[in-house]
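Encoded structure:
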């Protein structure tokens, strides 16, 4: 079975500072990895995903993440934080191929606060 | 841009009452998912449909929860009777399914916030 660990339930940065949200996964087979963002009382919006190929993945709103198999990590970064980035971020893993069901397993989330 | 629709957005009920949530997936998506998200936690899968068939309901509390997707399009999740511990956000998501030859990325609706008093 797969699992996800997000290090740090709350991260606080200043506007313009680097954003780094950490995610480590456990999977017995090559995983698909995702980052979603959730604003208060809303659903989840996909930021970016890794399936195969290039390990550095670029997403929306200036975010990117790098898949590091040796470290079983998929950390999310953004060079310069904006006030609008304040939200909860979820890392998720999915495994599956062919007729399997691509079930998503989520981490517990990291709340990002951006200070002016 | 196509979106997953859910209703109602908010629901307040008393314990022991019945509640129902509705989800309309993105057109063409064969797979539909219901997740429960407790405050401060990540979403957890309750049930997954491939067309009208259930493919995973291992985490669905079947003594009080039921889900259906009769025509393989929209879906209803029901709780009867509701308990205090059911207070949570209920999220619906959809994706292309295995065999559709498309990305399996899941797209989420806005969710239904349930409060049980």
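Chains as they are written, first to last, in the working numbering: chain A, 318 to 433; chain B, -6 to 110.
In this text, a Cβ means the ideal position worked out from N, Cα and C, and glycines have one as well.
From the DSSP output, in three-state form, read off residue i for me.
{"i": "residue 76(B)", "result": "coil"}
{"i": "residue 377(A)", "result": "helix"}
{"i": "residue 56(B)", "result": "coil"}
{"i": "residue 388(A)", "result": "helix"}
{"i": "residue 402(A)", "result": "helix"}
{"i": "residue 22(B)", "result": "coil"}
{"i": "residue 319(A)", "result": "coil"}
{"i": "residue 66(B)", "result": "coil"}
{"i": "residue 45(B)", "result": "coil"}
{"i": "residue -4(B)", "result": "coil"}
{"i": "residue 359(A)", "result": "coil"}
{"i": "residue 382(A)", "result": "strand"}
{"i": "residue 124(B)", "result": "The shown model of chain B, from -6 to 110, leaves out residue 124(B), and the question about it has no answer."}
{"i": "residue 395(A)", "result": "strand"}
{"i": "residue 9(B)", "result": "coil"}
{"i": "residue 416(A)", "result": "Model confidence at residue 416(A) stands at a pLDDT of 46, short of 50, so the residue's coordinates are unreliable and nothing is read from them."}
Buried or exposed: which applies to residue i, given that a residue is buried once 16 or more other Cβ atoms fall within 10 Å of its Cβ?
{"i": "residue 415(A)", "result": "Note that residue 415(A) has pLDDT 48, beneath the 50 cutoff, so the model's placement of it is unreliable and the number below is only indicative. With fewer than 16 Cβ atoms within 10 Å of its Cβ, residue 415(A) is classed as exposed."}
{"i": "residue 44(B)", "result": "exposed"}
{"i": "residue 99(B)", "result": "buried"}
{"i": "residue 433(A)", "result": "exposed"}
{"i": "residue 93(B)", "result": "exposed"}
{"i": "residue 105(B)", "result": "buried"}
{"i": "residue 26(B)", "result": "buried"}
{"i": "residue 405(A)", "result": "buried"}
{"i": "residue 47(B)", "result": "exposed"}
Just to confirm the assignment, what range does the beta strand (DSSP E) spanning residue i have?
{"i": "residue 337(A)", "result": "336 to 343"}
{"i": "residue 329(A)", "result": "327 to 331"}
{"i": "residue 32(B)", "result": "First-last for residue 32(B): undefined, no H or E at that position."}
{"i": "residue 13(B)", "result": "12 to 17"}
{"i": "residue 423(A)", "result": "421 to 423"}
Taking the DSSP output, what are the residues bridged to residue i?
{"i": "residue 106(B)", "result": "3(B) and 82(B)"}
{"i": "residue 349(A)", "result": "411(A)"}
{"i": "residue 430(A)", "result": "329(A)"}
{"i": "residue 324(A)", "result": "339(A)"}
Can you determine whether any heavy atom of the ligand COA sits closer than 8 Å to the C-beta of residue i, and answer yes or no?
{"i": "residue 52(B)", "result": "The ligand COA is not among the ligands present in this structure, which contains no ligands whatsoever."}
Practice problem: Determine which residues of the region 12 to 35 of chain B have a Cβ less than 7 Å from any Cβ of chain A, and write them out in chain order. | Solution: 34 and 35
Quiz item: Between the region 94 to 107 of chain B and chain A, which residues of the former have a C-beta closer than 9 Å to a C-beta of the latter?
Solution: 96, 97, 98, 99, 100, 101, 102, 103, 104 and 106
Practice problem: Report the residues of the region 366 to 390 of chain A with a CB closer than 9 Å to any CB of chain B, ordered along the chain. | Solution: 366 and 368
Exercise. Pull out every residue of the region 37 to 57 of chain B whose Cβ sits closer than 9 Å to any Cβ of chain A, in chain order.
Key: 37, 38, 41, 43, 48 and 49
Quiz item: the region 347 to 360 of chain A: which residues have C-beta closer than 7 Å to a C-beta of chain B, in chain order?
Solution: 358, 359 and 360
Quiz prompt | Positions along the region 60 to 75 of chain B whose CB lies within less than 8 Å of some CB in chain A | solution = none
Quiz item: Which of the residues in the region 319 to 335 of chain A, read from start to end, lie with their CB under 7 Å from any CB of chain B?
Solution: none
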